[in-house]
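Q: Please read through the structure below; I'll follow up with questions.
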Amino acid sequence: MGILLSTAFILVFLYFFLFKVLKLLDQPAAATLHYREGKYNRSILSLCSILTKPYVPNRLWGHNAHIQSFIYAKIGRFNAPYPKGKRINIPRPDGATFTFDLFEPSKPHPQGADVTLCVCPGIANHSEKAYVRTFTHYAMSQGFRVAMLNHLGALPTVPLTSPRIFTYGETGEYAAMIDYIKEHFASSKFVSLGFSMGANIVIKYLGEEPSRQDDFMCCISVCQGYDVTLASKVLHEWESMRRFYNFMMTQNMLRQLRQNFDMLFGEGARTYWKNRSEAPPCYNVKKVFRSTSLVHLDEEMTRKMCGHNSLSDFYESCSSSPFMFKIEIPLLMLNAGDDALIPVSQNWTPMEFSQKSTSAIYAVTKHGGHLGFFEGGFLKANTVSWLDRMLTQYIDGTLELNKTIHSNGEIHCNGVVAS
Numbered sequence: 001m002g003i004l005l006s007t008a009f010i011l012v013f014l015y016f017f018l019f020k021v022l023k024l025l026d027q028p029a030a031a032t033l034h035y036r037e038g039k040y041n042r043s044i045l046s047l048c049s050i051l052t053k054p055y056v057p058n059r060l061w062g063h064n065a066h067i068q069s070f071i072y073a074k075i076g077r078f079n080a081p082y083p084k085g086k087r088i089n090i091p092r093p094d095g096a097t098f099t100f101d102l103f104e105p106s107k108p109h110p111q112g113a114d115v116t117l118c119v120c121p122g123i124a125n126h127s128e129k130a131y132v133r134t135f136t137h138y139a140m141s142q143g144f145r146v147a148m149l150n151h152l153g154a155l156p157t158v159p160l161t162s163p164r165i166f167t168y169g170e171t172g173e174y175a176a177m178i179d180y181i182k183e184h185f186a187s188s189k190f191v192s193l194g195f196s197m198g199a200n201i202v203i204k205y206l207g208e209e210p211s212r213q214d215d216f217m218c219c220i221s222v223c224q225g226y227d228v229t230l231a232s233k234v235l236h237e238w239e240s241m242r243r244f245y246n247f248m249m250t251q252n253m254l255r256q257l258r259q260n261f262d263m264l265f266g267e268g269a270r271t272y273w274k275n276r277s278e279a280p281p282c283y284n285v286k287k288v289f290r291s292t293s294l295v296h297l298d299e300e301m302t303r304k305m306c307g308h309n310s311l312s313d314f315y316e317s318c319s320s321s322p323f324m325f326k327i328e329i330p331l332l333m334l335n336a337g338d339d340a341l342i343p344v345s346q347n348w349t350p351m352e353f354s355q356k357s358t359s360a361i362y363a364v365t366k367h368g369g370h371l372g373f374f375e376g377g378f379l380k381a382n383t384v385s386w387l388d389r390m391l392t393q394y395i396d397g398t399l400e401l402n403k404t405i406h407s408n409g410e411i412h413c414n415g416v417v418a419s
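Position 124 of the sequence shown, counted from 1, bears residue number 124 in the UniProt record's numbering, the numbering being contiguous throughout.
This is the structure:
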């Protein structure tokens, strides 16, 4: 009897693990595409066929969003390369110094084009993160120049020079990087690309001053929630373990603060404010480091650092959703349907925008997790992800379509052909 019970328990456990956790019976599927029917969108989808074909995740664990997200967070990418670039340091008016890394293409572009990808990575990320290195290396091999922003305070080897760290919606550093790139590569075509929090920043940057879009061929927004207020509420829910993810992201942010403690809270900060004859923000440092969620941290520190009297005002100022409807250049918005951090059911902004713009596509994959999108292999996935391949294919498609539009003389609205 004991042997039978043990066997039954093992079989039930195996069934649960293989088919409920690993979801081995799940079938790959093409992304669900939301867009307004028209000539431009039909054309770009024919050139970016990867969006219309099934995304096949890693065979063993790729159907589980939590595993994809965990591996992205802890490993980034398997066997991630180390592309060689040049680090640029740029001072800001408030005394801050930010950096970005510039990578030249390792091969000529197949179309003979000069294209610069202006990339803003996710929260607390920088050019040395594995997923960033992998995308950069792959983009270089496809003939693209890459400018990768390093968020203020994120690089462990680059100290802060003012008591300010990156925030969800600060566009100043990204704007300064773009100004540098435009000055030094005036003949290049530009693409604005953001991952997660970085996607919020690039959308906000382009919408704040719509004339900025004149410099860009297209924009790509990957795995973001668009509305910071809504995201802050959703991340406090326990469904899909979001509250746990919230806690882990907060701990990561606190590590960033400890790394820069002196300039944010210590003698460096006191010297900075004394030299400027300005009153510093009033932080309760103990409460800051007791934060267990991003909302707690933002209430105790971030909103004060940015000069906001309330958390609601701070979140409203950071959100890209009010600016999205000023975007007129081609825009690709990508989310994974199983992303625990950003439930698609509450991500209304990209859905609404995709029905109004004639050159916007909102793509939702069945699998992928948060910035995972691993593919290939059994235990170990391929180094280059489905996301990496899709991004470069979309950019190439936009480049090819722009050539066709120019040759036919069909220029309307920042290079977008009329529907």
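All C-beta atoms, glycine included, are put in the ideal place defined by N, C-alpha and C. A quick note: this is a predicted structure, and the numbers were derived from the prediction, not measured.
Who pairs with D101 in a beta bridge, going by DSSP?
A: Within the sequence shown, numbered from 1, the residue matching residue 101 stands at position 101. In the DSSP output, where bridge partners are listed per residue, D101 has R87 and M148.
Q: When you compare the CB positions of H370 and L341, do they come within less than 7 Å of one another, or not?
A: Mapped onto the sequence shown, residue 370 falls at position 370. Mapped onto the sequence shown, residue 341 falls at position 341. Going by C-beta atoms, H370 is nearer than 7 Å to L341.
Q: Skipping 5 residues on each side, what residues in its chain have a beta carbon closer than 6 Å to that of Y35?
A: Residue numbering aside, residue 35 sits at position 35 when the sequence shown is read from its first letter. Only N41, S354 and I361 meet the Cβ criterion.
Q: Flag this pair as touching only if the region 300-307 and the region 328-344 have three or more C-beta atom pairs under 8 Å; answer yes or no.
A: no
Q: Mind checking which residues open and close the alpha helix (DSSP H) that includes L47?
A: Residue 47 sits at position 47 when you count from the first residue of the sequence shown. Taken as a continuous stretch (DSSP letters only), the alpha helix (DSSP H) holding L47 covers K39 to L47.
Q: Report the CB separation of T116 from S188 in whole angstroms; it is logged as a contact under 8 Å.
A: Your numbering for residue 116 matches position 116 in the sequence shown. Your numbering for residue 188 matches position 188 in the sequence shown. The pair is a contact, with the Cβ atoms about 5 Å apart (cut-off 8 Å).
Q: Shortest alpha-carbon distance to K356 belongs to which of L47, A30, Y272 and E37?
A: Along the sequence shown, read from residue 1 onward, the residue named residue 356 stands at position 356. Minimum Cα distance to K356 is reached at E37.
Q: Could you check if L235 belongs to the surroundings of the ligand FAD, using beta carbon to heavy atom distance under 6 Å?
A: With respect to the ligand FAD, the structure offers nothing, as it holds no ligand at all.
Q: Looking only at its chain, what residues have a beta carbon closer than 7 Å to the beta carbon of T383, apart from the 5 residues adjacent to it on each side?
A: Translated into positions along the sequence shown, residue 383 becomes position 383. Correct list, in chain order: R77, F78, N79, A80 and T134.
Q: Can you grab the Cα-Cα spacing for the pair A73 / I327, in whole Å?
A: On the sequence shown, residue 73 is found 73 positions in, with the first residue counted as 1. On the sequence shown, residue 327 is found 327 positions in, with the first residue counted as 1. Roughly 31 Å between the two C-alpha positions.
Q: Would DSSP call K129 helix, strand or coil?
A: Position 129 of the sequence shown, counted from the first residue, corresponds to residue 129. Coil at K129, not helix or strand.
Q: Taking the alpha helix (DSSP H) that K204 belongs to, which residues open and close that run?
A: Here residue 204 corresponds to residue number 204 of the sequence shown, with the count starting at 1. It spans M197 to E208 - the alpha helix (DSSP H) in which K204 sits, taken as one unbroken run.
Q: Kindly identify the DSSP beta-bridge partner or partners of E375.
A: Locating residue 375 in the sequence shown gives position 375, where the first residue counts as 1. In the DSSP output, where bridge partners are listed per residue, E375 has P57.
Q: By DSSP's criteria, Y362 is part of a beta bridge. Which residues make up the other side?
A: On the sequence shown, residue 362 is found 362 positions in, with the first residue counted as 1. Residue pairing by DSSP places Y362 opposite H34 and M333 in a beta bridge.
Q: Since F216 sits in a beta bridge, which residues does DSSP pair it with?
A: The sequence position of residue 216 within the sequence shown is 216, counting from 1. Answer is F190, bridged to F216.
Q: Does DSSP put N414 in a helix, a strand or coil?
A: The sequence position of residue 414 within the sequence shown is 414, counting from 1. Unreliable positioning characterises N414 in this predicted model, as indicated by a pLDDT of 41, which lies under 50. The coordinate reading is nonetheless provided below. Coil, per DSSP.
Q: Could you pull out every residue in the same chain whose Cβ sits closer than 6 Å to the Cβ of A30, ignoring the five residues on either side in sequence?
A: Here the question's residue 30 lines up with position 30 in the sequence shown. If we look at A30 and ignore the five residues flanking it on each side, its Cβ neighbours are T52, K53 and P54.
Q: Could you have a look at L117 and say whether DSSP puts it in helix, strand or coil?
A: Taking the sequence shown and counting its residues from 1, the one referred to as residue 117 is at position 117. Strand.
Q: Beta-carbon within less than 7 Å of C413's beta-carbon, same chain only, minus the 5 sequence neighbours each way: which residues are those?
A: If you number the sequence shown from 1, residue 413 lands on position 413. Confidence is the limiting factor: at C413 the pLDDT is only 39, short of 50, which leaves the residue's position unreliable and the question unanswerable from this model.
Q: Per DSSP, what are the beta-bridge partners of S293 in this structure?
A: Along the sequence shown, one-based indexing puts residue 293 at 293. Beta-bridge pairing by DSSP links S293 to no other residue.
Q: Under 8 Å: do the region 273-291 and the region 141-159 share three or more Cβ pairs, one atom per stretch?
A: no
Q: In this structure, how does DSSP classify residue 442 when only helix, strand and coil are distinguished?
A: It is not possible to answer for residue 442, since the shown part of the chain is limited to 1 through 419.
Q: Following the continuous alpha helix (DSSP H) through I67, name the residue where it begins and the one where it ends.
A: The residue labelled residue 67 in the question sits at position 67 within the sequence shown. From DSSP, the alpha helix (DSSP H) with I67 extends over A65 to K74.
Q: For S320 versus Y226, is the C-beta distance shorter than 7 Å?
A: Position 320 of the sequence shown holds residue 320. Position 226 of the sequence shown holds residue 226. Their beta carbons are under 7 Å apart, which means S320 touches Y226 by this criterion.
Q: Measure from the alpha carbon of F378 to the alpha carbon of each residue in L60, K39 and S43, then state which is nearest.
A: By 1-based counting over the sequence shown, the position of residue 378 is 378. The candidate whose alpha carbon is nearest that of F378 is L60.
Q: Taking 7 Å as the cut-off, decide whether the C-beta atoms of F216 and S192 are in contact.
A: Residue 216 sits at position 216 when you count from the first residue of the sequence shown. Residue 192 sits at position 192 when you count from the first residue of the sequence shown. Contact: yes.
Q: What are the start and end residues of the alpha helix (DSSP H) that includes G315?
A: The sequence position of residue 315 within the sequence shown is 315, counting from 1. Sequence check: residue 315 is Tyr here, not Gly. Here the alpha helix (DSSP H) through Y315 covers L311 to C318.
Q: Given a threshold of 16 other Cβ atoms within 10 Å of its Cβ, counted over all protein chains shown, does Q111 qualify as buried or as exposed?
A: Position 111 of the sequence shown, counted from the first residue, corresponds to residue 111. So Q111 counts as exposed.
Q: Is the Cβ-Cβ distance between C223 and I178 less than 7 Å?
A: Numbered from its first residue, the sequence shown carries residue 223 at position 223. Numbered from its first residue, the sequence shown carries residue 178 at position 178. No. Outside cutoff.
Q: Excluding the 5 residues preceding and the 5 following Q346 in the sequence, name in chain order all residues of the same chain whose CB lies nearer than 7 Å to its CB.
A: Here residue 346 is taken as the residue at index 346 of the sequence shown, counted from 1. Within the same chain, Q346 has close Cβ partners L230 and V234.
Q: Considering only residues of the same chain and omitting the five flanking positions on each side of I123, which have a CB-CB separation below 7 Å?
A: Here residue 123 refers to the residue found at position 123 of the sequence shown. The residues are S196, M197 and M249.
Q: Please identify the residue among P57, T365 and V295 whose C-alpha is closest to the C-alpha of A381.
A: Looking up residue 381 in the sequence shown gives position 381. Nearest option by C-alpha distance: P57.
Q: Along the chain, where does the alpha helix (DSSP H) containing Y245 start, and where does it finish?
A: Reading the sequence shown from its first residue, position 245 is the one you call residue 245. It spans R242 to Q259 - the alpha helix (DSSP H) in which Y245 sits, taken as one unbroken run.
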